[in-house]
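*Asks:* Heads up: the sequence shown begins at 55 in the numbering used here, then just goes up one per residue.
Ideal placement from N, C-alpha and C gives every residue a C-beta, glycine not left out.
Following this message is one structure expressed as structure tokens.
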Amino acid sequence: MIYLVTGNTSFIFKKEICMSDHQDERATDWAERHLIESIVSGTYPPNTDLPGERTLSKELDIARPALREAMQRLSRDGWLDIQQGKPTRIKDYLKDGNLNILAGLLKADPDLIPNLVPDLLEMWQLLAPQYTASSLRRAPGLILDLLESFNKIPDEAESFAKSMWELHHMLIAYSDNLVYGLIFNTFRDFYQQLAAYYYSTPDHRNLARKLWDELTPLVEDLNTTEASELVTGFVAETADFWKDITFEQYQKEVLEEPQKKEKGSKVKKDKKKKGK
Numbered sequence: 055m056i057y058l059v060t061g062n063t064s065f066i067f068k069k070e071i072c073m074s075d076h077q078d079e080r081a082t083d084w085a086e087r088h089l090i091e092s093i094v095s096g097t098y099p100p101n102t103d104l105p106g107e108r109t110l111s112k113e114l115d116i117a118r119p120a121l122r123e124a125m126q127r128l129s130r131d132g133w134l135d136i137q138q139g140k141p142t143r144i145k146d147y148l149k150d151g152n153l154n155i156l157a158g159l160l161k162a163d164p165d166l167i168p169n170l171v172p173d174l175l176e177m178w179q180l181l182a183p184q185y186t187a188s189s190l191r192r193a194p195g196l197i198l199d200l201l202e203s204f205n206k207i208p209d210e211a212e213s214f215a216k217s218m219w220e221l222h223h224m225l226i227a228y229s230d231n232l233v234y235g236l237i238f239n240t241f242r243d244f245y246q247q248l249a250a251y252y253y254s255t256p257d258h259r260n261l262a263r264k265l266w267d268e269l270t271p272l273v274e275d276l277n278t279t280e281a282s283e284l285v286t287g288f289v290a291e292t293a294d295f296w297k298d299i300t301f302e303q304y305q306k307e308v309l310e311e312p313q314k315k316e317k318g319s320k321v322k323k324d325k326k327k328k329g330k
């Protein structure tokens, strides 16, 4: 509770200040994830009515405005059908869903991630030959400049994840299919999370270096056939890795370990500040 005093000191306006905008956003995100998890797990099955707003607010222990915003997001993305004066209906997301549904699944339901990653990479393999060949014909000089810049990156997971994203982003951006970019960008955050883990292994960073080294002369020669095969083969090899990883490994090493490192880093920074 905070008291706001106006220019007239005889008048005190008392107002309860809610969480900051950032905290409100986190509450909405949490409600959104929880609702998606409940729908996917079958707690709130497709083609049924969602409990009322008051019931959900108590169940999630969040303010109704934050819950309302989360439900509006889910309605926009295709999870819910909100109609004035009627119960909110849960849609059949697997039958009628879109890329927003897929992005929501990846964000909110870790149990599904090990199964979905190989499927996503299989889709990526189907797209890679087309966008690689097309971009080589349209922007070989820019691709060569980017590949050359990779010689200077540090030997660390985050740098390799960022560089590989930049490569595929450029290949897609200069292809002649605008839809590829929309699909690819849908998974930007999810990709960064997985790639940072994948490239934490030195062997995987060596594979990336090998790809860049072998791709360079193919771009110089405008050899679209072999370049497409090379990029597609790299994606296939990455898919094989994710087919073998267990959910327990993913949960511990991809989700939990980065959070521990982040907390440890924050503690060190706080200690440094106190020491000054």
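(1) So for I93, helix, strand or coil by DSSP?
(2) With a cut-off of 8 Å on the beta carbons, I'd call K145 and R87 a contact; round off their distance for me.
(3) When DSSP builds the beta bridges, which residues end up paired with L134?
(4) Output the boundary residues of the alpha helix (DSSP H) element that contains S217.
(5) Could you give the distance in angstroms between the alpha-carbon of A120 and the alpha-carbon of L104?
(6) Report the residue from I207, G195, D243, F214 whose alpha carbon sits nearest the alpha carbon of Y228.
(7) Once DSSP output is grouped into helix, strand and coil, what is the label at D103?
(8) So what's I197 in DSSP terms, helix, strand or just coil?
(9) If we call anything under 7 Å between Cβ atoms a contact, is A124 one with T82?
(10) Which value, in whole angstroms, describes the spacing of the CA atoms of L153 and I90?
(11) Spell out a yes or no on whether the stretch 185-199 and the stretch 282-291 are touching, meaning 3 or more CB-CB pairs, one atom from each, closer than 8 Å.
(12) Can you look up V285 in the DSSP assignment and give me helix, strand or coil?
(13) Going by C-alpha to C-alpha distance, which of G106, N231, N239, L276 sits closest to E220?
(14) For P208, name the three-state secondary structure that DSSP assigns.
(15) When the Cα of G139 is compared with those of G106, S95, R192, L180, which residue comes out closest?
(16) Of the choices Y147, F204, K149, R127, whose alpha-carbon is the least far from that of T270?
(17) For a test of the three-state rule: what should DSSP assign to D150, helix, strand or coil?
(18) With H, G and I counted as helix, E and B as strand and the rest as coil, what does DSSP make of N277?
(19) Would you tell me roughly how many angstroms separate the C-alpha atoms of L128 and G158, rounded to the nearest one?
*Replies:* With the structure as the only source:
(1) Secondary structure of I93 (DSSP, three-state): helix.
(2) K145 to R87, Cβ: 18 Å. No contact.
(3) The partner list for L134 (beta bridge, DSSP) reads I144.
(4) Unbroken alpha helix (DSSP H) run through S217: 211-227.
(5) The alpha-carbon of A120 is positioned some 16 Å away from that of L104.
(6) Per the C-alpha coordinates, the member of I207, G195, D243, F214 positioned closest to Y228 is G195.
(7) D103 falls in the strand class under three-state DSSP.
(8) I197 sits in a helix when the DSSP states are folded into three classes.
(9) The beta carbons of A124 and T82 sit closer together than 7 Å.
(10) L153 and I90 have their C-alpha atoms roughly 15 Å apart.
(11) A contact exists between the stretch 185-199 and the stretch 282-291.
(12) Taken through DSSP and simplified to helix, strand or coil, V285 comes out as helix.
(13) Taking only the C-alpha atoms, the option nearest E220 is N239.
(14) The answer is coil: DSSP assigns P208 none of H, G, I, E or B.
(15) If you compare the alpha carbons of G106, S95, R192, L180 with that of G139, the shortest gap goes to G106.
(16) Among Y147, F204, K149, R127, the Cα nearest to that of T270 belongs to F204.
(17) Secondary structure of D150 (DSSP, three-state): helix.
(18) Three-state DSSP puts N277 in coil, outside helix and strand.
(19) G158 has its alpha-carbon roughly 9 Å from the corresponding atom of L128.
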